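Right, one structure below, let's go through it.
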Amino acid sequence: MTFFGLSAELLARIQFGFTISFHFIFPAMSIGTASYLAVLNALWLWKRDESYLKLFEYWKTIFAVTFGMGVVSGIVMSYQFGTNWSVFSEKAGSIIGPLMGYEVLTAFFLEAGFLGIALFGRNRVGERMHMVAVAMVAIGTLISATWITSANSWMHTPVGYSIDANGIFHPEDWWAIVFNPSFPYRMVHTVLAAFLTTAFVVGGVGAWHLLRDRTNRQAKIMFSMAMWMAALMTPVQIFVGDMHGLNTLEHQPAKIAAMEGHYETHPNGAPLILFGLPDDEAEVTRYAIEIPKLGSLILKHDPNAEIKGLKEFSREDRPPALMPFFTFRIMVALGMAMLAVGMWSLWCRWRGTLYKNRLLHRAALLMGPSGLVAVLAGWYTTEVGRQPYTIYGLMRTSDSISPLSAQSVGTSLIAFILVYFAVFGIGSVYLIKLMRRPPVMIEDHELDKGPIRTAGITPGPAQQETDGGDGHVV
Amino acid sequence: MWFDYSVIWAAIIAFAVLAYVVLDGFDLGVGILFPFFPERRDRDVMTNSIAPVWDGNETWLVLGGGGLMAVFPVAYATILPALYGPIIAMLLALIFRGVAFEFRWRTHATSRFWDRAFCLGSIVAAFTQGIAVGALVQGITVEDRAFAGGTWDWLSPFSLTTGVAVLVGYTLLGATWLNLKTSGDLQAKAHKLALWSCAAMFVLIGVISIWTPFIHEIYFERWFSWPTAFFSALVPALLLICGYALWHGLKTDKHLQPFLAALGLFLLSFTGLGISFYPYIVPGALTIQEASAPTESLTFLLVGAAVLIPTILAYTGYAYWVFRGKIDPEEGYH
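Chains as they are written, first to last, in our numbering: chain A, -12 to 461; chain B, 840 to 1173.
The structure is reproduced here in structure tokens:
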């Protein structure tokens, strides 16, 4: 049975990919923003410079909206495994489940429990306890990232298990499972990606307001902080990404072959294909522009080392090459652009033109969403590259799916697409509106009394009867 | 072994589900009650009363789902495809409702729309959760450890009735919560709504209680054979006591007592469900032992749960304590 010519398996994959892509965007943003808020609040408490408090209040509202969208799209995820991948859940739930269980117990509750206090409780609990709450939210997001990348990494590099006669996975060594071979690389790479995503969003917003008013102190501070992150963390991220790639080559050579667009094995050094069009049917990458030997140099740090091509693997065990090939290039290109902006900002800082160079501000504004795109591109690379398996080498995607009709999955997919684009589309419009507010308070004296609202939701334009659409924070 | 890890885990999962039902129950109830409070000002107070805690409340739903996958993977893998329709509808409803908390503050123009989304999302989430429970009580076709039924198996007069019952139950929780957290006209109205929903809830509990033993012989046996008959007699008696406490609390204008009594009603109904289910996790199809994950999975997560769940309860309690007391309607304005 098919639904408009699509099989239940493909529909389930599209649905999962769709819901998790949306979900991934929000945590990628909220992990970094939570830590940024903790830093801003700590700076406020330490230096008693009101600019930091203003920035905290400014980003707090944006964080609240992002976090809310992350929560609701995340609840969907905890049920998608059962609704769409019930066989996977039945067989591997014994390993993936406890890891996610720990994520809920150690992270989700921590974030949610302290979020109310962090957002609304400064006056009720005092500065010190409020700082604890803000820190707990930030720590919660990081713990969450740790567990979920561990669970995901295990699906790429499964170890520490046995499989019984019914095909059920039994955990044998939890230490090995949690710290599976690709976990450290993936975890660091993902968390750094989240930090960089936030850094470029903050930098973009700061640059936008500097372009409008280059004397705005809050805009200067956020731009400067973001550019420090860009300059210092991007090189680290590129290094970590390279390590992650080497790890993948060791454990999932077919994925690397797909990312690189290599169908043939190159025994005497593989070229680096800068651009081309992989064709799985013909087993050739068309229109390839290559640099000889560079592929081996990057992957094996030896220009003459052998790199396996996709033809080494039988057809039914290969990932499709087209998508990882392109998403990988998008991610790397964005990484290089981030590095360029970071280095440029260092140069401008040294020359004393960080807050004056309008070209840099325009570039930073343009790069504002780059982290979000890079995160998704990287995610597609690694996940599509794992195909045709859900648990690499052990369980095929086609064997993981729920016994549902294509109609059911197709109908719910359409519902998800409509609702997600409507709700999160509107949410993104609101986020942009919030970012468009200049980071100043009209009534600074109000701040001496602390935030006005101690209960309820973060303040927004709808509470201001005289709001002219410009949306100043009050 | 009668008392093993899987039974402990069944109790923990049951606790998570119960915690979710009562905590998000009053949240959702507040949303369901929106049509009775058309004033923007009242609605602000209503959402402000739950804004600091709703996120934590909903996390219990994630624990229920994630925990079920971890310790009873087969139950997770059969229940979710079987209840595909209501679960997907619930998730989508929770999305609308969850984002409405923040979105309704973001614009003048569309705040009405988000209020409606908040209300409808709450209603659909409550109704579909009730349908899911009813469908589970009715039983799921399981063959060879997998769901083997049809797309619409979950839809029946019984599951629709339980859907309405949960909707009414959440309304009662929401009304008693508002009675606790608000003052003035808003509270007076909530007070009246609590009385009505309490009466409706009792009718529905009665209907479902009479209906259930005739759905499946296993329920009939459990309810009317010794020693469980003792408990199945005790539950209705305690329900009546709770009902009286609720009614009396409202009549004498107590603020906390009606809310606690409403929680009691849910606890007892849930216990009744537990008595009916045990030792099954998917009634008539899978027992707790059959559905359980390997022991290594149960013990690994139990170590953490033993420490973390009390910790979670402690800081969740602290968060509720911080935001205790009546909501000041002026607090949100200046």
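No residue lacks a Cβ here, since even glycine has one placed at the ideal position from N, Cα and C.
Note that the structure is predicted; figures quoted are calculated from it, not measured.
{"query": "9 angstroms Cβ cutoff met for residue 17 of chain A and residue 75 of chain A", "result": "no"}
{"query": "Closer than 9 angstroms to chain A by CB, residue 1129 of chain B", "result": "no"}
{"query": "Residue 1124 of chain B (DSSP reduced to helix, strand or coil)", "result": "coil"}
{"query": "Within-9 angstroms CB hit, residue 4 of chain A to chain B", "result": "no"}
{"query": "8 angstroms contact criterion, which residue 181 of chain A and residue 241 of chain A should meet: CB distance rounded", "result": "About 28 angstroms; that fails the 8 angstroms criterion."}
{"query": "Runs of alpha helix (DSSP H) lying entirely within the stretch 1064 to 1107 of chain B, each at least 4 residues, in chain order", "result": "1067 to 1090"}
{"query": "Cross-chain neighbours of residue 231 of chain A in chain B, by beta carbon under 7 angstroms", "result": "Chain B residues near residue 231 of chain A: none, gap ~27 angstroms exceeds 7 angstroms."}
{"query": "Burial state of residue 153 of chain A, where buried means 16 or more other Cβ atoms lie within 10 Å", "result": "exposed"}
{"query": "Residue 996 of chain B, enclosing alpha helix (DSSP H) - first and last residue", "result": "996 to 1020"}
{"query": "Residue-chain proximity (residue 51 of chain A, chain B), Cβ-Cβ < 9 angstroms", "result": "yes"}
{"query": "Interface flag, residue 1144 of chain B vs chain A, CB-CB below 9 angstroms", "result": "yes"}
{"query": "Own chain, CB closer than 6 angstroms to residue 1132 of chain B, minus 5 neighbours either side, in chain order", "result": "910, 912"}
{"query": "Same chain only: Cβ atoms within 6 angstroms of residue 847 of chain B, ignoring 5 sequence neighbours per side", "result": "none"}
{"query": "Test: residue 97 of chain A CB closer than 9 angstroms to a CB of chain B", "result": "yes"}
{"query": "Beta-carbon spacing of residue 258 of chain A, residue 278 of chain A below 9 angstroms", "result": "yes"}
{"query": "Residue from A/221, A/69, A/32, A/71 with nearest C-alpha to residue 116 of chain A", "result": "A/32"}
{"query": "With 16 other Cβ atoms within 10 Å as the buried cut-off, status of residue 289 of chain A", "result": "exposed"}
{"query": "Residue 397 of chain A Cβ short of 8 angstroms to the ligand MN heavy atom set", "result": "Absence of the ligand MN is noted for the structure shown, with no ligands found whatsoever."}
{"query": "Segment contact, 8 angstroms Cβ cut-off, at least three pairs: the stretch 1093 to 1110 of chain B with the stretch 1007 to 1022 of chain B", "result": "yes"}
{"query": "Neighbour-count burial assignment, residue 149 of chain A, 16 or more Cβ in a 10 Å radius", "result": "exposed"}
{"query": "Residue-chain proximity (residue 103 of chain A, chain B), Cβ-Cβ < 9 angstroms", "result": "yes"}
{"query": "Residue of B/961, B/904, B/1031 minimising C-alpha distance to residue 873 of chain B", "result": "B/961"}
{"query": "Segment contact flag, the stretch 886 to 902 of chain B with the stretch 919 to 928 of chain B, C-beta cutoff 8 angstroms, min 3 pairs", "result": "no"}
{"query": "Against chain B: residues of the stretch 73 to 89 of chain A by CB proximity under 9 angstroms", "result": "73, 74, 75, 76, 77, 78, 79, 80, 81, 82, 83, 84, 85, 86, 87, 88, 89"}
{"query": "Three-state secondary structure (DSSP) of residue 382 of chain A", "result": "strand"}
{"query": "Test item: CB-CB of residue 306 of chain A and residue 394 of chain A under 9 angstroms", "result": "no"}
{"query": "Inter-stretch contact (C-beta, 8 angstroms, three-pair minimum) for the stretch 927 to 938 of chain B and the stretch 52 to 70 of chain A", "result": "yes"}
{"query": "Buried versus exposed call for residue 976 of chain B [16 or more other C-beta atoms within 10 Å across all chains shown]", "result": "buried"}
{"query": "Cβ distance (whole Å) where residue 888 of chain B is taken to contact residue 1021 of chain B below 8 angstroms", "result": "7 angstroms"}
{"query": "Within chain B, partners of residue 117 of chain A - CB distance below 8 angstroms", "result": "Correct list: empty, because the minimum Cβ distance to chain B is about 10 angstroms."}
{"query": "Nearest-angstrom Cα separation, counted from residue 989 of chain B out to residue 423 of chain A", "result": "50 angstroms"}
{"query": "Inter-residue CB distance, residue 10 of chain A and residue 61 of chain A (contact presumed, cutoff 8 angstroms)", "result": "6 angstroms"}
{"query": "Sub-9 angstroms separation of residue 1179 of chain B and residue 985 of chain B beta-carbons", "result": "Residue coverage of chain B in this structure runs from 840 to 1173, which leaves residue 1179 of chain B outside it and unanswerable."}
{"query": "The stretch 1009 to 1043 of chain B: positions lying closer than 9 angstroms to chain E by Cβ", "result": "The chain labelled as chain E is not found among the protein chains of the depicted structure, namely A and B."}
{"query": "Cβ contact check for the stretch 244 to 263 of chain A and the stretch 338 to 357 of chain A: 3 or more pairs under 8 angstroms", "result": "no"}
{"query": "Three-way DSSP call (helix, strand, coil) for residue 1132 of chain B in this model", "result": "coil"}
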